[in-house]
Each structure stands twice: as C-alpha cells, then as structure tokens.
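Enquirer: Heads up, the sequence shown is in the working numbering, so the first residue is -13 and it goes up one at a time.
All residues carry an ideal CB built from backbone N, CA and C; glycine is no exception.
All of these numbers come straight from a predicted model, not from anything done at the bench.
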Amino acid sequence: MTVYFIGAGPGAADLITVRGARRLADCRVCLYAGSLVPSELLAECPPDARLVDTAQLDLDAITAELTAAHRDGHDVARLHSGDPSVFSAVAEQMRRLDAAGVPYEMVPGVPAYAAAAAALKRELTVPTVGQTVVLTRIASRATAMPETEDLATLGRSRALLVLHLAARYVDRVVGELLPHYGADCPAAVVAYASRPEEQVLRGTLGEIAEAVKAAGIVRTAVIMVGRTLGAEQFGDSHLYSPERDRHIC
C-alpha cells in the first residue's frame, strides 16, 4: 500500500491536478490539512473513506495514522495545501515513512505563488528585467531560518522575492528590504489566492505595509517584491524571435 502526498492547490477546489483527484478517489484513508484544504475536495474521496483532520495532530500522531492505514492494507491520501515541495513539512513525514518501510509518492499541486501571479496577471520572470524568483519566508515563531537566508542577504540580489507566512510581519519585511529594493520598487500582496475571498493589493514597497494593515491581512497570503511586477518596457524573449533558428532540435 502507498501513501500519496497530494498537493491540493492554493485554495480553489478545481485547481487540484487530475492525478491528485484520481488518487483521492482511490484512497480509503485521507489525512488532510484542516481549513487549509477546500472541503469540496473531500467529496472526491470514496463515500466510506476514513477522513482525518490533522490540524490538531503532531508528527507522531500523523505518522501513526499513516503507518496504521498501511498496515491495514489501505492506500492513503495525505492532502496538503499548495504544492508539497514547498513549505509543506512533508520531508519529516517521508523520513519517518522511510524508517517504517512504508512506500510513498508525491503528487505535485499548484503552489500559492503561482496562483498569486495569476491573480496579478503577471509573469514573474520578464526578459531583460528579472529571471530569478526567490521563494522564502521569515523567522518568527516557526522554525528558524538558516543564517545565510535572512532577508538582508537575499535582498542583495534584487531578484523577485516571494515571501510566504510573512503578512503578519510586513513592517519587518519592508524595513529589511528597503535598503536593497528602494521605496519605489513594485510590491504586491495576494491573500487567499484563487478563493472567493481573494484579496489583491498592489503598490510600492514603501506603501505596501500600510495597505496590508488597512486590509486586515495577517495570514494565508504571499508578499511579492521585485521590478518584474511593474515591468512594461522590456525586450521580447528569444523564444519566439524571428531570428531564432527553429531547425535546431
């Protein structure tokens, strides 16, 4: 039997992948990440499936559920918000399953930053303006950040920064990034991306903190800072250039 770590997507139920929905429909046990996963997705599970909300469970309890289901001969859907490859805490779960000899697979999902970019109607990599996207967060009450990954260090690149789990600390974010990006740098905050209650804020780095506080956004949001968010005058990419030799494989 197999544990499937499934990315549920950023919030809208129809943004789960076809593969993810099929795996849900086949699993007799589903562990899901509480309110972070749209309740409509649970309807994809078999009618008699065991549904376990992991919001109040620690790692030991989650591991016990996964290994017990495997022992009982059931495939398990471990449903995470977004994409399991980023800020999902699946690494420690997989390490435990490795130790227990339980097989697993990962099913990618639409990450929050992709849904936020769609809400902004922006490509995050723009020719001649920016070709690098940095996904990060800040240290708060959660796991500490490595000492080489503080905002001041990352900000020196002036690449597009996408910050998860940081809306509550927007003043700190702005303060640490201002020396590197400048007050006029485009910035945006997207809360509840792809959901009916989605909120989109656009502005500059110098003004975005006040906008976030005025909107009352404190969670389930990504902060984006970088020149590509406001790029209008830029060269076309080489991909569709008439000068490109299309006979080279």
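(1) The beta strand (DSSP E) that contains His66, what's its start and end?
(2) Measure the C-alpha to C-alpha separation of Gly212 and Ala(-6) and round it to an integer number of angstroms.
(3) Cβ atoms of Val208 and Val176: under 8 Å apart, would you say?
(4) Taking the C-alpha atoms as reference points, what is the distance between Arg181 and Tyr90?
(5) To the nearest angstrom, report how far apart Pro172 and Leu147 are at their CA atoms.
(6) Taking DSSP as the reference, what is the three-state secondary structure of Asp39?
(7) Whose C-alpha, out of Met210, Phe(-9) and Ala(-2), is nearest the C-alpha of Leu106?
(8) Specify whether the segment 18 to 27 and the segment 101 to 120 touch according to this definition: at least 3 beta carbon pairs, one from each stretch, less than 8 Å apart.
(9) According to the neighbour-count rule (16 or more other Cβ atoms, all chains shown, within 10 Å of its Cβ), is Val4 buried or exposed?
(10) Just to confirm, are Glu24 and Ala179 a CB contact at a threshold of 8 Å?
(11) Runs of 4 residues minimum, wholly inside the segment 110 to 162: which ones carry the alpha helix (DSSP H) assignment?
(12) Three or more C-beta pairs closer than 8 Å, one from the segment 92 to 106 and one from the segment 68 to 77: is that the case here?
(13) How is Gly59 classed by DSSP in three states: helix, strand or coil?
(14) Please classify Val186: does DSSP put it in a helix, a strand, or coil?
(15) Are the beta-carbon atoms of Leu149 and Arg123 separated by less than 8 Å?
(16) Between the beta-carbon of His66 and the beta-carbon of Ile2, is there less than 8 Å?
(17) Of the choices Leu163, Ala152, Asp34 and Thr129, whose alpha-carbon is the least far from that of Arg144?
(18) Candidates Arg108, Thr49 and Ala125: which alpha carbon is nearest Ala85's?
(19) Sorted by chain position, which residues of the same chain lie with C-beta nearer than 6 Å to Ala197's C-beta, five sequence neighbours on each side aside?
(20) Near Thr114, which residues of its chain fall below 7 Å by C-beta distance, leaving aside the five closest residues on each side in sequence?
(21) Considering only the beta carbon of each residue, do Ala75 and Cys13 sit closer than 8 Å?
(22) Counting only the same chain and skipping the five closest in sequence on each side, list residues whose C-beta sits under 6 Å from that of Leu151.
(23) Starting from Val76, trace the alpha helix (DSSP H) in both directions and tell me its first and last residue.
(24) For Thr214, which of Val38, Thr134, Leu45 and Tyr167 has the nearest alpha-carbon?
(25) Can you give the Cα-Cα distance for Met131 and Ala169, rounded to whole angstroms?
(26) Can you name the start and end residues of the alpha helix (DSSP H) that Leu106 belongs to?
(27) When DSSP builds the beta bridges, which residues end up paired with Ile194?
Expert: Working from what's here:
(1) For the purposes of this step, residue 66 is identified with residue 80 of the sequence shown, where counting begins at 1. His66 -> beta strand (DSSP E) spans Val62 to His66.
(2) One-based indexing of the sequence shown puts residue 212 at position 226. One-based indexing of the sequence shown puts residue -6 at position 8. So the two alpha carbons sit approximately 28 Å from each other.
(3) For the purposes of this step, residue 176 is taken as the residue at position 190 of the sequence shown. For the purposes of this step, residue 208 is taken as the residue at position 222 of the sequence shown. Closer than 8 Å, so yes.
(4) Here residue 181 is taken as the residue at index 195 of the sequence shown, counted from 1. Here residue 90 is taken as the residue at index 104 of the sequence shown, counted from 1. The straight-line gap from Cα to Cα measures roughly 29 Å.
(5) The residue given as residue 172 occupies position 186 in the sequence shown. The residue given as residue 147 occupies position 161 in the sequence shown. Roughly 11 Å separates the two Cα atoms.
(6) Along the sequence shown, read from residue 1 onward, the residue named residue 39 stands at position 53. Looking at Asp39 - three-state DSSP - the assignment turns out to be strand.
(7) Here the question's residue 106 lines up with position 120 in the sequence shown. When each option's Cα is compared against that of Leu106, the closest is Met210.
(8) no
(9) Within the sequence shown, the letter at position 18 stands for residue 4. Exposed is the call here.
(10) Reading the sequence shown from its first residue, position 38 is the one you call residue 24. Reading the sequence shown from its first residue, position 193 is the one you call residue 179. The sequence shown places Pro at residue 24, rather than the Glu named in the question. Against a cut-off of 8 Å, the Cβ pair of Ala179 and Pro24 comes out as no contact.
(11) 137 to 141
(12) yes
(13) Sequence index remark: in the sequence shown, residue 59 carries index 73 (1-based). Gly59 falls in the coil class under three-state DSSP.
(14) Counting from 1 along the sequence shown, the entry for residue 186 is found at position 200. In the structure shown, Val186 sits in a strand (DSSP, three-state: E or B).
(15) Along the sequence shown, one-based indexing puts residue 149 at 163. Along the sequence shown, one-based indexing puts residue 123 at 137. Their beta carbons are under 8 Å apart, which means Leu149 touches Arg123 by this criterion.
(16) For the purposes of this step, residue 66 is identified with residue 80 of the sequence shown, where counting begins at 1. For the purposes of this step, residue 2 is identified with residue 16 of the sequence shown, where counting begins at 1. Result no, Cβ atoms of His66 and Ile2 do not sit closer than 8 Å.
(17) Here residue 144 is taken as the residue at index 158 of the sequence shown, counted from 1. Among Leu163, Ala152, Asp34 and Thr129, the Cα nearest to that of Arg144 is on Leu163.
(18) To locate residue 85, count along the sequence shown from 1; it is residue 99. The candidate whose alpha carbon is nearest that of Ala85 is Thr49.
(19) In the sequence shown, residue 197 corresponds to position 211, counting from 1. Leu187 and Gly189.
(20) The residue labelled residue 114 in the question sits at position 128 within the sequence shown. Result list for Thr114: Phe220 and Gly221, in chain order.
(21) Here the question's residue 75 lines up with position 89 in the sequence shown. Here the question's residue 13 lines up with position 27 in the sequence shown. Going by beta carbons, Ala75 and Cys13 fall outside the 8 Å limit.
(22) Along the sequence shown, one-based indexing puts residue 151 at 165. Result list for Leu151: Arg123, in chain order.
(23) Here residue 76 refers to the residue found at position 90 of the sequence shown. From DSSP, the alpha helix (DSSP H) with Val76 extends over Val76 to Ala86.
(24) Position 228 of the sequence shown holds residue 214. Nearest C-alpha to Thr214: Tyr167.
(25) On the sequence shown, residue 131 is found 145 positions in, with the first residue counted as 1. On the sequence shown, residue 169 is found 183 positions in, with the first residue counted as 1. Met131 and Ala169: Cα-Cα distance of roughly 25 Å.
(26) Indexing the sequence shown from 1 puts residue 106 at position 120. First-last of the alpha helix (DSSP H) with Leu106: Ala98 to Leu106.
(27) One-based indexing of the sequence shown puts residue 194 at position 208. In DSSP, Ile194 forms no bridge with anything.
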